[in-house]
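Residue numbers (my numbering): 63 to 149.
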């Protein structure tokens with residue numbers, strides 16, 4: 063098998079070279095088999111678990127995450143300060 067040969071050939075090389083070889087093997091598999099599946103992809107499965115795209119209007123696999131918010135001010139440059147945060 064090509065994977066075993068390539069990995070054994072680079073077994074004593076730095077870790078970054080091993081990562082490059084892994085990437086090359088993924089591309090090789092993509093061209094030969096038409097799929098990039100190499101591992102179980104636990105992270106992808108964990109993120110998609112319980113998410114049904116049909117429940118969203120645009121069929122997003124993962125709904126967008128809001129990373130900001132806007133606060134109402136009583137006047138320009140007049141901020142309401144929450145004292146419990148400044149202790």
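Glycine included, every Cβ here is placed at the ideal spot set by N, Cα and C. For clarity, every value in this text was computed on a predicted model and none was experimentally measured.
C-beta atoms of residue i and residue j nearer than 8 angstroms
i: residue 117; j: residue 124; result: no
7 angstroms CB neighbourhood of residue i in its chain, flanking five on each side removed
i: residue 121; result: 115
i: residue 141; result: 135
C-alpha gap between residue i and residue j, whole angstroms
i: residue 133; j: residue 143; result: 11 angstroms
i: residue 81; j: residue 88; result: 11 angstroms
i: residue 135; j: residue 93; result: 56 angstroms
i: residue 137; j: residue 83; result: 59 angstroms
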